[in-house]
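A quick write-up on the structure given underneath.
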Amino acid sequence: MPSPSLMEMCSRSFTSIHNQIQRSVHQIIHSYTKTEVETSPYLSSIQSLTGSTPGKKLKSLNSIIHKLAENARTRGDLTSAINDFQGVSPVMLAFIRVAVAVALELKLDGPILEGLKSPSIRVVKRALKADWFFAGSNVRVNAEYFVENVMPFVSLRTRSGVIRKLAIGLKGYPKKAEAFFDRFAELYGTQASLPILNACSEAFIYDRILRHKIVLPLKSVHALYERCPELVIRYLQLGNPRNENNAEDRKVLEIRINDYDTILPKLVRKHPVVFAQLYELTPEKGLNLSSIRTSIFLKSLKNVLMEKPRVFLKILSLKVVSKSLKKEEFDRMYENLFPRDMSEANVKELLDFAEYYPHGNKLELLRNTYEKVYGKDLLNNEAFTTVPKFWKLLPVREREIVARRCFEMNQENKSDCLFYLPPRESLPLLREEIASANEAEERFEFIGQMIDSCSLYESKRDLLDVLTYYYERHRNERDLYILFEKLEEGFDLKSLDVEHWFVVQKIIYHAHARGELFRSHVSLMKSVLEAVLYHLLVVRREQDDDETFVNKLFELTVKCNFEKSVPTWNILKERPDVEKSCLEQFLQMIPDCYPTTHDFWSDKDNRLYVVLSLVKSVHSYNSRLKGNQTSNRIKIEDYPWLTKMTDEFFSRACGPSFRKSLLLHLLRVEAPDFFYAKIDECSTILDIDDLGEALRLLKHDLKRILASWPDYLTEARDKLCSEKKRERRAARMFISASRWCHELPTKFVERCLLEIEEKGSIQVLGLLFEGEVFEKLVAPYLPREASETEGRNFKRSFETSRAIALAARYPEPPVSLSFASTLTRSHECSPEIGGTVDSLSRRYPVKDVLGLAEELLEGRSVAARKFGVRLLFQCLRRDQQTSFAEMLCKTETNSSVGEVIAESILEMFSKSPSEDNWKLVKDCINRLSAKSRLLEKFADLEKINVDPRFLGRYVEAYLDKVESLYREDSYSQLRTKCVSLVIMSLNLKSTDRLDEEVSSKILNRYFLDAHSLEISQAAQSFAVGSYLLSSTKEKFRARLKVITAILKKIAERLDASHPKKPRFYPSNYTLMNFYSHALTEIAARRPNESLEMVDKMLEVFDGELSPWQVPTAYLAYNLYKEYLLAENPKDFGTRCRKRITGLIEDLSGSDVMIKDVAECLDSFLTEGKIYPEVIRHELRQNLIDGLLEGDDHYGLLVAMLLVRSDEVDDYDGRYDAMVKKIGVKKNKPLQYFLYKHLNGIQLNSL
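Everything in the sequence shown is counted per UniProt numbering, starting at 1 for the first residue and increasing by one.
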């Protein structure tokens, strides 16, 4: 037992605090208009606490809790200690009880359970801090205890908090965690129970991922990787289709590796091979590995980088790569950067990577590699010679040679490449072009080329001539910005010589005198002025004769900034001493350039923008000073004009703004004496915004808020009704925090009650009052029935009801569920009311919400019954939902409510598939009508995620229903949309699980849909894109027979026209389209399967079809079969030459179709259907070689047609031999095609 003296001391302390609260409670009682609403006990309890600011009141509350805890510990009885404490609201008392229990750590379940059951968020949060209550070491922490004693009595919101706490407490107790997960997943769903999975064992986690088809959130994957890296890798491999080891697992669950891109860099350190495998699946992702990770990558995967640099090089540190690779390794990597097809080369990328070559001449690397890969000289490729960076790599002498060659080859457009020539040759020619140009735009384009030529050859001497020429001949042109733009692009402005700046000075003076200096592109002009100042202040700082020009430049820069919408004053940051002197010069010069009487300052926005920009610039400079440089700080107080203007601005300013708040924040940091002496006393109010300035003032300087509280209230009310979420959030935080301030909430309440119909007043009251008081307050403003809102006052009544519905989400503790029920009856249920009901349903214990849901279901309002359905499905356990859904389906007669029921059942079936749930879904499908909004939703199988066990039955039932609905209207757009959506949702994975009978039924019904071309195309895509791509050979062959049988049936109906459009032939089009689509898929398959498919497709031509009826398909498949049988490209050409004669006899009997043969082969080449690994022009030549063998007439014709004029420069000597061989032939068709080809060759293509 504690000593009596200690008992007496605790008792006296407790009694003192108790009496103090009792006295304060009775001081805050107000009359709330005619409704005579009683004082808010909760608000009064807060007000009774000692202190004027939130911090002090919370400190007082914590002191009470601490002393009560001591008292309880002394007595050894928590209940009696708390019960002695009277005079505060029940909610405050509940909070104190829970807080004391948590503080004492007595491990008493009662207070914690009571706290968890509370609808008050504050009480629940404190209860959740009782870590021992959720710890795995606690013997009472088991799944059954929580299922029986905790979960049924807490809200949905609290349920989520409990699960999160258990996920933390169960770490290190995997067996308990596994029991919790299985039980919770069964009752509340997998997604709700997911946090606990992180505490389970690796084997269990992976098993449940597959069993429940869980797609883990990115955050969970990051957390799991720290504990179970091997598990995470195993999970990520579910997104790797190239991994044969987990093929069976991927049939169950396949993830998108793109969704986990941020976890991939973590794999580099210990699992680099896995990283490479997974990143290669998403090479378009913009990852960047640090220098350390790049080094680790290179230690393990240097060979991978050398073989696949186009995939990995862009994510690595190029500096580290260049240092780590030997010359031979870098050369090999660089060679593999070049694509096999020259036209696909990324010139910029190749040049950028060449910059990091550490082993010699970069140009030599580029040219040698290009010649090695393509067998040609790089200098003949225009793709490179039009890139300025390439020219910089060339030695000057070679640069001139290449430039003249380009100029000679482009005589037709010589003006486009004049600037490639050295300035001594290009400048005279460009002057001639300028002299003959009629438009100013053309003249400036050539002036720009003059600067480009000087830049290309790095000739500052010639640049001086160009600047002088411009000043003397074209200084009156209006597009000055082009000159400076080209100057900035081509040269480092700060490196120009005094002679250049002398001419630039004259150009600037002249433009300023004409009023053209800031006419456009102000930012560009400012960078030029900054460069001039750099030259004069840093490079030529010893020259005294520049002072006048420097001052003029400062003046121009000031005017330039005043012309900009966002002025910036920090220039030459690389030299802090010069930056400071420039900033000080600006601050001194502004009042001379723009005195206070200037019209510019009459606009308060201009005043704010300039003052803010100057203070920001001062802050930017000062914040970069190091510890011993603080004496160099710029002081705002040293510039009286600036402080005076700031003072006047805040004295006159009306209304808050973000910029004003930012300015106040910066002034408090940079000029605290001035701020507290002048600005802080201004009557202006701070903006209630994201910066939190008003909230800071509320917590630390309440007097300022109280001095202008009506303005703050107006600002808060406006923000609460804003359309911007961040503004509403800032206002809610401000009003909520004001509850813990002295007097302020009372003033807010009084004003809002007097102006209750003012916009935002009800929301403020909702934030200040607890639910019970708020209900009594707004009850008179709610119409009892929806009919009462009709008539002249409808709009006002509707707006009031809407405001009440929104405000009803705010009270803490919340309004009662009966009030939510009243809301649904008082007005036509708006989205705001629905959101409020949903919000409240997550804060009350589930058993109470179920009572509300049942009450809503029994109401007359359709909207209320919809709310009731959603609430019940939301709150019921998984094992209760099915029986409830069965009951609803039998009793509900309203179609609109029925749709909500069907929607809920579909979601339930997706999450908890079972035979009972399937029966409910099938019943819902049978109830669908042609006008139902759910008809389309039931068609989207990807979103529904139907379990494979029920997929076939679902698809069959749905399609049968759609066909029955549109039996009389088969051309309906909705039918087309729904059927197409179902078929397109059947991907490869789902098709493998689909019953063969259902797949066959879909194809037979829709492969040739007489009423919708879109459905037919969907079915055909399904046939070749999913149905025929089965992984087993037996299924493949069986399905191929099904497709062949369908094609034969369609062939029997060939030439039958469309019933509504007689000039369209569906069967003909279907066959042609399918054969074309199928060939594309065949080209992507393994050769042995492709040959089998081609043979099956050609079977149709043996009986049902004649070759000429689908000639393009017959031709393409026969030629592609030769490709599949050929040993190499030349052999393919030889086989084609032999086969062409037979094809012509089958199709037309004459060489009229020879062009079709050539076009078919050309499409094989250009679309990559044959030999994709061979360079295109080499493949073409090899194919032509085979066609030329044997001197066959048809072979020669096709060979000649396959030659492309734009590729002539890529061909080797075999091309010349072919031209010579065909040139001596006396055959007119051959001569016709030969000369057509020769005449089309252009000089610039060689």
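Think of the CB as a built atom: it goes at the ideal place given N, C-alpha and C, for glycine as much as any other residue.
Hey, how far is the Cα of residue i from the Cα of residue j?
i       : j       : result
Pro339  : Phe312  : 15 Å
Leu920  : Ala885  : 8 Å
Thr282  : Lys314  : 13 Å
Lys165  : Leu951  : 37 Å
Gln1231 : Leu1147 : 25 Å
Leu536  : Glu579  : 13 Å
Ala1019 : Arg927  : 26 Å
Arg269  : Ser290  : 11 Å
Ala863  : Phe600  : 58 Å
Leu767  : Ala192  : 30 Å
Arg1180 : Tyr374  : 15 Å
His212  : Thr190  : 7 Å
Lys1228 : Glu1092 : 41 Å
Leu806  : Asn894  : 28 Å
Glu485  : Phe444  : 11 Å
Met342  : Met409  : 21 Å
Glu46   : Arg739  : Correcting the residue identity first, residue 46 is Ile in this sequence and not Glu. Each residue's Cα considered, the two are about 7 Å apart.
Pro576  : Pro422  : 40 Å
Grouping DSSP H, G and I as helix and E and B as strand, with all else coil, what is residue i?
i            : result
Pro567       : coil
Ser155       : strand
Pro845       : strand
Gly766       : helix
Asn1073      : helix
Asp577       : helix
Ser290       : coil
Leu1061      : One point to set straight first is that residue 1061 is Lys, not Leu, in the sequence displayed. Coil, per DSSP.
Lys392       : helix
Gln1242      : coil
Ala671       : coil
Pro780       : helix
Lys759       : coil
Ser736       : helix
Pro813       : coil
Lys1228      : helix
Arg704       : helix
residue 1250 : No statement about residue 1250 is possible, as the shown extent of the chain runs from 1 to 1246 and does not include it.
Cys228       : coil
Thr596       : coil
His212       : helix
Thr822       : helix
Thr282       : coil
Gly771       : helix
Assuming the contact rule is C-beta atoms closer than 8 Å, residue i and residue j should be a hit. Round their C-beta distance to whole Å, please.
i       : j       : result
Ile1140 : Gly1195 : 7 Å
Ser841  : Val849  : 5 Å
Leu1119 : Ala1158 : So it is not a contact: roughly 11 Å between Cβ atoms.
Assess contact between the stretch 273-282 and the stretch 236-254, defined as three or more Cβ pairs (one per stretch) separated by less than 8 Å. Is contact present?
yes
Of all the alpha helix (DSSP H) runs that stay within the bounds of the stretch 297-373, which reach a length of 4 or more residues?
309-312, 318-324, 327-337 and 347-354
Give, in chain order, every unbroken run of the alpha helix (DSSP H) that is at least 4 residues long and sits entirely within the stretch 876-961.
878-891, 895-911, 915-927, 934-937 and 941-944
Ordered list of alpha helix (DSSP H) runs contained in the stretch 960-1029, each at least 4 residues
973-985, 988-993, 996-1006 and 1013-1025
Would you call the stretch 375-393 and the stretch 350-361 touching, i.e. three or more CB-CB distances under 8 Å?
yes
Contact between the stretch 1089-1103 and the stretch 1043-1053 is defined here as three or more beta-carbon pairs at a separation below 8 Å; is this criterion met?
yes
Completely contained alpha helix (DSSP H) runs for the stretch 1134-1168, where each covers 4 or more residues:
1154-1166
Continuous beta strand (DSSP E) assignments of at least 3 residues falling wholly in the stretch 109-191:
none
Pairs of beta-carbons, one from the stretch 425-444 and one from the stretch 495-506, closer than 8 Å: are there three or more?
no
On the three-pair Cβ rule with 8 Å, is the stretch 737-752 touching the stretch 697-712?
yes
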